[in-house]
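Colleague:
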Amino acid sequence: MASTSPSTKSANNKRSAGKDISPPPVKRKAQSNISKGAVASFFTPTSQKPKDRTIWTERAPDDDTPGTLLVGRYEPAGAGKDDQSHRVKRRKIAAFDFDSTLITTASGKTHGSDAGDWKWWDPSVPARLRQLYHEEEYLVVILSNQGGLKLHPDPRDSKGPKNLGGKERERVANFKQKCSAVLAQLDILTSIYAATGRDNYRKPRTGMWAEVCEDYGVDPAEVDLEGSVFVGDAGGRTAQLRPGGGGGGDSKKKAVTSKDFSCSDRNFAHNVGIAYKTPEEFFLGEAPREFARDFDLASYPPPIEEEDDSKNNKDNNKEAEAIFERKNPRDLVLFVGPPGAGKSTFYWRQLKPLGYERVNQDALKSRARCLKVAAELLAGGQSVAVDNTNPDPDGRREWVELARRHGVPVRCVWFRVPPALCEHNDVVRALNKSMNPEARTALPKLAFNGYFARFKEPKAKEGFQDVLEVEFKFRGTREEYAIWGRYWT
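Residue numbers for the sequence shown follow numbering that gives the first Met the number 0, so the first one is 0 and each next one is one higher.
(1) Would T103 be called buried (16 or more neighbouring beta carbons within 10 Å of its own) or exposed?
(2) What are the start and end residues of the beta strand (DSSP E) that includes E470?
(3) Just the Cα atoms here: how many angstroms apart are S157 and V124?
(4) With H, G and I counted as helix, E and B as strand and the rest as coil, what does DSSP make of N435?
(5) In the DSSP assignment, what are the bridge partners of C411?
(6) With 16 other CB atoms within 10 Å as the buried threshold, where does D96 fall?
(7) When burial is assigned at 16 or more other CB atoms within 10 Å of the CB, is I187 buried or exposed?
(8) Can you name the start and end residues of the alpha helix (DSSP H) that I482 belongs to?
(9) Quick check on this structure: which residue in D293, R58, G231 has the alpha carbon closest to the alpha carbon of A194?
(10) Please state the DSSP three-state secondary structure of Q381.
(11) Look at the alpha carbon of P287 and the alpha carbon of T277, and state the distance between them as a whole number of angstroms.
(12) Within 10 angstroms of its Cβ, does T256 collect 16 or more other Cβ (buried), or is it exposed?
(13) Pull up the DSSP beta-bridge partners for W119, would you.
(14) Could you tell me whether the segment 344-362 touches the segment 375-390, where touching means 3 or more Cβ pairs closer than 8 Å?
(15) Using alpha carbons as the reference points, say which of R236, D198, E280, P417 lies closest to D63.
(16) I need the boundaries of the beta strand (DSSP E) containing S143, first residue and last residue.
(17) Okay, do the segment 415-428 and the segment 364-381 touch, 3+ Cβ pairs below 8 Å being the bar?
(18) Which class does F492 belong to by DSSP, given the choice of helix, strand or coil?
(19) What three-state label does DSSP hand R366 in the structure shown?
(20) Looking at the unbroken alpha helix (DSSP H) that takes in G394, where does it start and where does it end?
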């Protein structure tokens with residue numbers, strides 16, 4: 000209970016001489032997270048408030064899609080008049096992630112509660128960025144994934160709350176307000192790029208980098224890649240451990256620093272071809288920590304270079320032909336493998352030339368329809384390849400029974416491909432028309448998790464004549480590898 004002043008004690012003693020009464024309620028000072036500056040700004044006439052110098056625009060990945068990239072360009076008050084520094088074509092680029100790199104929450108929460116809930120990640124951040132711009136002549140930009148924002152909520156979305164669109168617009172408005180405040184304090188010519196979709200703008204994909212080069216009139220081929228840098232907290236760093244503090248020979252270890260939530264910032268820098276630093280390394284001078292990638296391109300080198308790609312393709316196809324050979328005049332081949340494992344490509348390159356007809360649920364829309372079409376093909380004397388995921392024995396049993404009814408053997412091709420590689424392949428296919436003849440869209444992570452949760456290794460005892468295991472290896476031209484051989488997830 001709060002202490003009372005001496006004068007209050009005396010008054011209370013005199014009153015208590017008459018009869019007992021309840022003590023007066025203690026007045027507590029109301030706590031507020033509203034800054035004095037915010038209060039002063041509220042009562043300041045609009046005409047006297049400082050101008051918001053951030054201009055906002057939206058970009059779309061193509062002409063058929065609404066905007067998904069939010070761009071805020073800030074110009075200091077002096078830009079364009081006496082200050083000529085902005086006219087210098089800068090070929091060194093210092094790019095930064097936003098959250099947990101330049102700023103963090105003032106409240107200590109994981110996500111900011113409102114537009115004002117922020118502070119610099121470290122007090123040294125703004126001065127260092129100004130030094131990069133004014134003294135070292137870097138182009139300083141901010142590149143941030145903001146998947147929690149929706150620039151154009153679907154008004155037909157009946158699954159969300161009634162006021163979904165209003166809440167989404169409020170979230171975008173709060174983000175803009177926060178960015179404007181950050182850029183105003185920084186007060187250098189700069190831009191923030193916020194990728195809200197899961198398209199080519201999202202890191203580690205390089206769509207935002209291309210926008211930076213275009214906006215600032217820098218030919219990507221002229222960028223000083225060796226002198227440029229990207230700083231972000233998503234570096235794939237592993238957890239740091241220390242021995243447990245318990246006595247008696249306790250050997251348990253406790254995490255001192257948790258692992259990074261992803262490796263997207265490090266992979267983005269790799270794709271662009273510039274140096275990567277964590278905030279701790281760049282601003283605080285700390286030594287690099289160990290890191291690990293779920294999917295490492297180093298494990299999947301480019302095709303062997305030949306004199307020309309036609310010869311390269313021919314060699315790749317010869318190698319691929321040896322993987323699958325026909326054993327029966329007529330049979331059913333059942334694929335088993337997650338989305339993005341390369342099943343369809345395997346069919347077109349391996350089984351189609353051998354005369355197999357393809358049954359695929361993406362094309363036929365239902366399992367029942369697949370079974371019906373396969374039965375018709377078998378009855379007509381055709382061999383059939385079932386290009387579906389087929390993760391569990393119960394689902395595979397239907398195909399084995401169908402083959403038996405038509406008197407043909409069943410062979411199984413099992414695609415042993417890790418989840419991270421499957422997700423990579425899926426996104427490469429979805430975002431590159433030249434590698435997506437069936438115009439498939441990217442699958443949600445739930446599709447991959449669902450497959451691996453249900454997966455049971457296929458066995459010959461299920462009724463298969465044999466089980467052929469296929470490991471993934473990139474097969475294609477050098478031009479195709481130039482697309483595939485970047486980080487996409």
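Here a beta-carbon is modelled for each residue, glycine too, at the ideal position from N, C-alpha and C.
Here the structure is a predicted model, which means the values were calculated and not measured.
Modeller: Answer, in terms of the structure:
(1) By the 16-neighbour rule on beta-carbons within 10 angstroms, T103 is buried.
(2) Its beta strand (DSSP E) spans residues 466-470.
(3) Unreliable positioning characterises S157 in this predicted model, as indicated by a pLDDT of 48, which lies under 50. A coordinate reading is not provided.
(4) Looking at N435 - three-state DSSP - the assignment turns out to be coil, as it is neither helix nor strand.
(5) According to DSSP, C411 bridges with L333, V466.
(6) It is buried - the Cβ of D96 has at least 16 other Cβ atoms within 10 Å.
(7) Its Cβ being crowded by 16 or more others within 10 Å, I187 is buried.
(8) Element bounds for I482: 477-483.
(9) For A194, the nearest C-alpha among the options comes from R58.
(10) Shown here, Q381 sits in coil according to DSSP, grouped into three states, outside any helix or strand.
(11) Cα-Cα distance, rounded: 8 Å.
(12) Burial is judged here by how many other beta carbons sit within 10 angstroms of a residue's own beta carbon; T256 has fewer than 16 and is exposed.
(13) Beta-bridge annotation (DSSP): W119 is paired with I102.
(14) Output reads yes: the segment 375-390 touches the segment 344-362.
(15) With distances taken between Cα atoms, D63 lies closest to D198.
(16) Where S143 is concerned, the enclosing beta strand (DSSP E) stretches over 138-144.
(17) Segments in contact, no.
(18) Summary: the structure shown does not reach residue 492, with the chain confined to residues 0 through 488, and so no result is reported for it.
(19) In the structure shown, the three-state DSSP call for R366 is helix.
(20) Start and end: 392-404.
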